[in-house]
Amino acid sequence: MAGDFPNLDSSTISQWPQPNLVDPIMRSWLSIYSITLTVITTLIVSARLWTQVRNSAFGFGLDDAFISGAWMFSILLGALCLLGTINYGFDKHIWDVPSTLYSGAALIQWLSEGAFTISVCLMKTSVLIFYRRLEPPCTGSFKKIIYVFIAFTAGYTLACLLTGILLCQPVSAYWAIPEASTVTGRTCAGQGIYYLLHGTLGTFSTFYTIAIPFLVLRNIPLSQSQRNALNAVSVVALSVVGAGVARTVFLFRLADSPNGDATWNGFNVFVCAQLECQLAIICASLPSLHTYFTPNPSVPIVYYTNNTKHGSIVSRVSSSLSSQIRRLSMARTASPKNAHVSEPRPRAVEIPQWEFETLESPRYAGCSVSPVDEITYEQYVRGQFGPPAPPKDSRALFDQYRREHGEMF
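Note that full-length UniProt numbering gives residue 177 to position 177 of the sequence shown, counting from 1, and the numbers run on in steps of one.
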């Protein structure tokens with residue numbers, strides 16, 4: 001989003017068509033679009049915070065504080081976009097907007113740029129802090145990488161804010177646009193490179209924020225439904241990257257516009273910026289809402305446990321699984337290479353009939369075959385005799401663990 005209106009000089013203004021202040025071409029759907037996104041984001045963030053306070057084992061965390069700040073600045077961004085569209089003509093071409101509104105429109109663009117930058121920075125920091133709290137799969141080396149990403153996000157955000165403040169001298173030159181008849185030389189530096197770098201770094205940071213779940217959460221013991229939900233959130237989050245790319249393209253067109261149509265081009269930036277900001281907050285909050293769709297919503301959420309080998313969720317679940325497997329006596333091995341070759345059987349020895357008469361049970365002395373032997377043989381034939389079959393999956397073990405220790409998340 002532009003701070004001032006670029007390429008606004010007397011030669012450009014002379015090429016504009018005649019203004020149409022009675023029935024201009026308008027795009028009036030931004031209000032419904034902005035309000036819908038804001039309401040959805042507010043509901044999801046509220047549900048996340050309520051879930052964290054009520055069901056989380058650690059309550060309101062630092063990541064929740066950052067996502068709350070990101071939501072507040074997204075509300076400010078939506079309000080600025082609505083104000084700029086309704087009162088300052090961002091839904092029309094600039095030549096159909098009265099020149100007395102140019103300074104106010106430029107100020108709206110400059111403030112919306114700062115609100116967007118801060119909101120996205122807080123959202124990405126919240127996501128990275130949330131990954132850091134996942135103790136079992138997040139090793140010490142990976143935590144250092146996350147800290148590097150947090151520092152990079154904060155650093156480029158601060159650089160963008162300072163550039164936006166210092167690009168024009170004085171700062172009021174961003175919005176203090178003179179009348180069309182008295183347009184003189186600008187006191188602002190070129191913005192094309194700044195907008196290109198701003199959009200590229202923002203898209204790159206969004207990409208690594210989305211890519212981290214595949215690296216951090218790949219070893220967490222999740223049910224199939226939870227893993228499908230994680231993959232679905234990651235796929236939806238890719239649309240945030242697409243919105244960031246589109247915003248970068250429209251920013252570059254805004255700075256390099258040959259006709260200086262800042263309001264019409266700024267409208268496209270508003271649309272992409274709100275989609276990127278609001279959808280990113282929604283995707284960052286969706287994983288915390290999984291308790292609304294689980295069979296045991298009252299079970300507390302366990303984010304991390306002791307870092308020792310015997311205290312982590314993964315080790316305890318794996319030991320439980322191995323103990324269940326060790327109870328099963330396997331009759332054959334999977335690999336013939338490791339199969340045990342038994343010793344040759346001893347030669348059969350003929351036993352006299354009087355030996356059977358001596359060892360025969362008194363209760364069934366008159367029977368040639370014991371009823372117990374018949375039942376056992378029938379069970380053997382039907383496949384009911386022998387060790388129990390191994391479980392097809394470990395869903396029951398994970399459900400039992402959730403009931404005893406809490407939801408693994």
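Glycine is no exception: its CB is placed at the ideal position from the N, C-alpha and C atoms.
No experiment lies behind these values; they were computed from the predicted model shown.
What residues are listed by DSSP as bridge partners for C168?
C188.
Given a cut-off of 9 Å, decide if T209 and V148 are closer than it, judged by their beta-carbon atoms.
Not closer than 9 Å, so no.
When DSSP labels each residue in this structure, what does F90 get in the three-state scheme?
In the structure shown, F90 sits in coil (DSSP, three-state: anything other than H, G, I, E or B).
Can you say whether L279 is buried or exposed, counting buried as having 16 or more other CB atoms within 10 angstroms of its CB?
It counts as buried.
My assumption, with CB atoms under 8 Å, is that F5 sits in contact with Y102. Please give the rounded CB distance.
Between Y102 and F5 the Cβ distance is about 6 Å, and since that is below 8 Å, they are a contact.
Whose C-beta lies closer than 8 Å to the C-beta of P24 among residues of the same chain, with five residues either side of it excluded?
Correct list, in chain order: K92, H93 and D96.
Tell me the DSSP secondary structure of S103 in three-state form.
Correct three-state label for S103: helix.
Compute the distance between the beta-carbons of N268 and F250, then report whether it is under 9 Å.
It is a contact, given that the beta carbons lie within the stated cut-off.
Under three-state DSSP, which class holds W110?
Three-state DSSP puts W110 in a helix.
Taking Cβ to Cβ, would you say T200 is nearer than 9 Å to V240?
No, Cβ-Cβ distance for T200 and V240 is not below 9 Å.
Alpha carbon to alpha carbon, how far is Q18 from G61? Give it in angstroms, no decimals.
Answer to the nearest angstrom: the Cα atoms are 57 Å apart.
If you draw a straight line from the alpha carbon of T85 to that of I145, how long is it in whole angstroms?
Near 41 Å, if we compare the C-alpha coordinates of I145 and T85.
When you compare only the Cα positions, how much space is there between S14 and I44?
One C-alpha to the other measures close to 49 Å.
Go ahead and pull the three-state DSSP assignment for S10.
Correct three-state label for S10: helix.
Taking Cβ positions, are S119 and A70 nearer each other than 9 Å?
It is a contact, given that the beta carbons lie within the stated cut-off.
Output needed for S11: all residues of its chain with C-beta closer than 6 Å, excluding positions within five of it in sequence on either side, in chain order.
There are no such residues.
For V171 and A255, what's the separation of their Cα atoms in angstroms?
Between V171 and A255, the C-alpha separation is close to 18 Å.
Is Q278 helix, strand or coil by DSSP?
Residue state, collapsed to three classes: helix.
Using a threshold of 9 Å, state whether the C-beta atoms of R48 and L289 are closer than that.
In this structure, L289 lies closer than 9 Å to R48 by Cβ.
Distance check for Q400 and G155, CA to CA, integer angstroms please.
The straight-line gap from Cα to Cα measures roughly 45 Å.
Select from I129, C81 and W50 the residue whose C-alpha is nearest the C-alpha of L30.
Closest option to L30, Cα to Cα, is C81.
In whole angstroms, what is the alpha-carbon distance linking Q274 and L76?
Cα to Cα, the separation comes out at about 11 Å.
I believe L162 touches C188 by the beta-carbon criterion, under 8 Å. Please report the beta-carbon distance rounded to the nearest angstrom.
That pair is no contact at about 15 Å.
Quick check: the Cα distance between S322 and T41, rounded to an integer number of angstroms?
A caution first: S322 carries a pLDDT of 43, below 50, which makes its placement in the model unreliable, though a value can still be read off. The alpha-carbon atoms of S322 and T41 are separated by roughly 44 Å.
How would you label Q109, buried or exposed, when you count the other beta carbons within 10 angstroms and need 16 or more for buried?
Buried, since its Cβ has 16 or more Cβ neighbours within 10 Å.
Please work out which residues of its chain come closer than 6 Å, Cβ to Cβ, to G104, disregarding the five sequence neighbours upstream and downstream, and give them in chain order.
Contacts found: Y88.
Sorted by chain position, which residues of the same chain lie with C-beta nearer than 7 Å to S141's C-beta, five sequence neighbours on each side aside?
Within the same chain, S141 has no close Cβ partners at all.
Measuring alpha carbon to alpha carbon, tell me which residue in D63, I32, T117 and W16 is nearest G202.
Taking only the C-alpha atoms, the option nearest G202 is T117.
Whole angstroms is fine: what's the gap from N228's alpha carbon to R132's?
Looking at the two C-alpha atoms, the distance is approximately 22 Å.
In whole angstroms, what is the alpha-carbon distance linking V235 and Q224?
Going from the Cα of V235 to the Cα of Q224 covers about 16 Å.
By Cβ distance below 7 Å, which residues in the same chain neighbour D261 in space, the five residues on each side in sequence not counted?
Same-chain partners within the cutoff: H93 and I94.
State buried or exposed for A365, treating a residue as buried only when at least 16 other CB atoms are found within 10 Å of its CB.
The predicted position of A365 is uncertain, since its pLDDT is 49 and thus under 50; a value taken from the coordinates is nonetheless stated next. Per the 10 Å Cβ criterion, exposed.
Using the C-alpha atoms, what's the distance from L397 back to G192?
C-alpha separation (whole angstroms): 58 Å.
Would you mind giving the Cβ-Cβ distance between F73 and A115, rounded to the nearest angstrom? I have them listed as a contact below 8 Å.
With 8 Å as the limit, F73 and A115 qualify as a contact, their Cβ atoms being about 5 Å apart.
So M123 and A284 are in contact, right, with Cβ under 8 Å, and what is the actual spacing, rounded?
At roughly 6 Å, the Cβ-Cβ gap stays under 8 Å, so M123 and A284 are in contact.
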